[in-house]
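For the sequence shown, counting from 1, position 384 maps to 420 in this note's numbering; every step adds exactly one.
In what follows, a single structure is set out as structure tokens and then discussed.
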Amino acid sequence: MKIQFPDAFFFGTSTAAPQIETAFEHDWQGVKARHGFVFDRTTDHEKRFKEDAGIIASLAPNYRMSLQWSKLQREPYGTFHRETAQEYHAFIQDLKAKGVDIMMVLHHFTNPLWFSRLGGWEKEENIPYWVDFARKVVDEFGEYVSYWNTFNEPNVYASYGWITAFFPPFKINPLLAGKVVKNMGLAHDQVYDYIKEKFPAHPVGISHNATIFSAENLLGWFPARLSDWWFMEYVPSHFEKADFFGMSYYGRIPHDPLPITFLETPEKMKALGRRHDDIWEYHPEGLRTCIDRYWNKYKKPIIITENGVCDESDFLRLQAIQDYALIIHEALQDGIDIKGYYFWSTWDNFEWHLGPSMRFGLYECDPVTMHRRRRPSGDLYASLAYTKKIRVAVQKKVAS
Numbered sequence: 037m038k039i040q041f042p043d044a045f046f047f048g049t050s051t052a053a054p055q056i057e058t059a060f061e062h063d064w065q066g067v068k069a070r071h072g073f074v075f076d077r078t079t080d081h082e083k084r085f086k087e088d089a090g091i092i093a094s095l096a097p098n099y100r101m102s103l104q105w106s107k108l109q110r111e112p113y114g115t116f117h118r119e120t121a122q123e124y125h126a127f128i129q130d131l132k133a134k135g136v137d138i139m140m141v142l143h144h145f146t147n148p149l150w151f152s153r154l155g156g157w158e159k160e161e162n163i164p165y166w167v168d169f170a171r172k173v174v175d176e177f178g179e180y181v182s183y184w185n186t187f188n189e190p191n192v193y194a195s196y197g198w199i200t201a202f203f204p205p206f207k208i209n210p211l212l213a214g215k216v217v218k219n220m221g222l223a224h225d226q227v228y229d230y231i232k233e234k235f236p237a238h239p240v241g242i243s244h245n246a247t248i249f250s251a252e253n254l255l256g257w258f259p260a261r262l263s264d265w266w267f268m269e270y271v272p273s274h275f276e277k278a279d280f281f282g283m284s285y286y287g288r289i290p291h292d293p294l295p296i297t298f299l300e301t302p303e304k305m306k307a308l309g310r311r312h313d314d315i316w317e318y319h320p321e322g323l324r325t326c327i328d329r330y331w332n333k334y335k336k337p338i339i340i341t342e343n344g345v346c347d348e349s350d351f352l353r354l355q356a357i358q359d360y361a362l363i364i365h366e367a368l369q370d371g372i373d374i375k376g377y378y379f380w381s382t383w384d385n386f387e388w389h390l391g392p393s394m395r396f397g398l399y400e401c402d403p404v405t406m407h408r409r410r411r412p413s414g415d416l417y418a419s420l421a422y423t424k425k426i427r428v429a430v431q432k433k434v435a436s
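Structure representation (structure tokens):
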């Protein structure tokens with residue numbers, strides 16, 4: 037069947053500056069990732085702005101992006117580094133000239149070393165440092181921006197930094213995780229007010245990582261419920277001053293009682309007989325479950341700020357584009373106000389603690405030569421993004 041999206045609905049792609057630009061004095065620089073890769077040189081984006089602007093525009097007319105805080109603002113309350121700012125201006129102007137609208141993310145996981153050394157997000161007295169940076173971004177680049185996303189996935193940031201210790205500062209302290217979330221929420225509220233004062237018509241929101249936490253047995257029930265409460269309820273409650281509910285979604289995480297993923301427990305995933313990408317269980321129906329949950333809770337417009345699959349083969353990615361398009365189309369038909377959808381990611385990047393071997397891109401990026409090559413999924417997604425039509429193979433309505 038062929039499905040058609042409304043004219044007002046938009047499609048885009050998404051990246052994060054630290055994952056595609058060479059590291060510059062931030063708290064991820066030098067971190068050793070899975071398979072021995074070191075977080076430093078990522079995809080040479082800062083050397084390929086012209087090429088990458090063409091890639092971005094070729095895939096979709098919308099782009100969700102961030103700027104590297106540590107490179108722009110090299111000391112507390114500092115003025116922006118002019119050469120860096122001018123490079124960003126030229127890049128964004130190139131995107132705008134190519135007809136690409138921008139969603140700007142103001143914090144995407146990394147912090148300048150000077151901010152981390154002051155205690156980072158653990159300390160409420162550090163909130164003004166980031167608020168100052170965010171206001172300067174609004175003043176400097178606000179004329180280009182259509183949508184604002186203050187924080188990317190604060191639930192992932194706090195969980196991986198202070199509960200699982202996968203991310204800097206590599207601590208296991210749930211109480212500090214809660215404090216981090218609280219401080220980010222306070223910072224969000226201040227910057228929301230500043231943006232609305234300067235650009236009243238610009239929608240401002242957050243991006244939450246939405247995940248299905250399921251129990252495979254009685255032992256898995258409590259950890260799944262606890263994860264759901266923390267991830268899906270507690271953290272979002274700190275960011276309710278928003279014009280839209282931004283949501284990323286990647287899959288379902290079964291528990292038995294520990295999490296089951298293809299990355300960490302492949303034999304368990306195989307034993308369950310579930311479809312999966314290279315990291316998680318592939319459960320596209322969960323996107324509708326999460327959409328319904330937050331639509332019923334907040335009744336605010338929804339934007340899918342990230343969605344995709346980790347798939348080196350590209351076969352599942354081709355299927356996922358169709359599956360997720362169908363799910364979103366059905367939600368629109370059911371009266372849910374979904375404004376747009378950003379695919380993660382534009383090209384392969386440095387996937388945080390997992391490194392460059394985890395492939396999410398519509399374009400392949402060779403981790404040695406940095407050569408970009410369009411995947412078949414890039415052709416399919418570009419067709420969907422620009423025509424707002426796609427033919428999908430479906431036998432029955434996707435259940436919510």
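No residue lacks a Cβ here, since even glycine has one placed at the ideal position from N, Cα and C.
For Ser-94, no beta strand (DSSP E) run applies; the uninterrupted alpha helix (DSSP H) run containing it begins and ends at 85 to 95, by DSSP. Exposed is the label assigned to Trp-265, since fewer than 16 other Cβ atoms lie within 10 Å of its Cβ. For the pair Thr-146 and His-274, the CB atoms are not nearer than the 7 Å cut-off. For Met-305, the secondary structure class from DSSP, reduced to helix, strand or coil, is helix. Taking the C-beta atoms as reference points, Gly-287 is found nearer than 7 Å to Glu-317.
The beta carbon of Ala-213 lies closer than 6 Å to those of Ala-194, Trp-198 and Ile-199 in the same chain, with the five residues before and after it left out.
Among the bridge pairs identified by DSSP, Ile-199 is matched with none. Taken in chain order, the complete beta strand (DSSP E) segments of 3 residues or longer contained in the region 202 to 289 are 240 to 251. Assignment of Gln-65 by DSSP, reduced to helix, strand and coil, places it in the coil class. Under the DSSP assignment, His-365 falls in the alpha helix (DSSP H) whose first and last residues are 351 to 369.
The shortest CA-to-CA distance from His-81 to any of Val-74, Ala-59 and Phe-202 is the one to Ala-59. Inclusion of Phe-379 and Thr-49 in the CB contact set at 7 Å is warranted, their separation being smaller than that value. Out of Tyr-330, Gln-40 and Leu-149, the CA that lies nearest to the CA of Asp-373 is found in Tyr-330.
Secondary structure of Thr-423 (DSSP, three-state): helix. The residue among Ser-284, Arg-100 and Glu-387 with its C-alpha nearest the C-alpha of Val-141 is Arg-100.
Nearest in C-alpha terms to Ala-223, of all of Glu-269, Trp-184 and Ala-170, is Ala-170. The three-state secondary structure of Asp-76, taken from DSSP, is coil. Boundaries for Gly-155: no beta strand (DSSP E) harbours it, and the DSSP string shows neither H nor E there. Under the DSSP definition of a beta bridge, Glu-179 lacks any partner.
Phe-46 is positioned such that its CB atom lies closer than 7 Å to that of Gly-376. Judged by DSSP in its simplified three-state form, Trp-316 adopts coil rather than helix or strand. In summary, Asn-191 is buried, with 16 or more beta-carbon neighbours lying within 10 Å of its beta-carbon over all protein chains present.
Counting C-beta pairs with one atom in each stretch, the region 337 to 357 and the region 301 to 314 have three or more that are closer than 8 Å, which means they touch. Contact between Glu-160 and Asn-219 holds, since their C-beta atoms are separated by about 5 Å, short of 8 Å. Gly-376 has Phe-46 and Ile-339 as its beta-bridge partners, per DSSP. When rounded, the separation of the alpha-carbon atoms in Thr-247 and Glu-276 is 19 Å.
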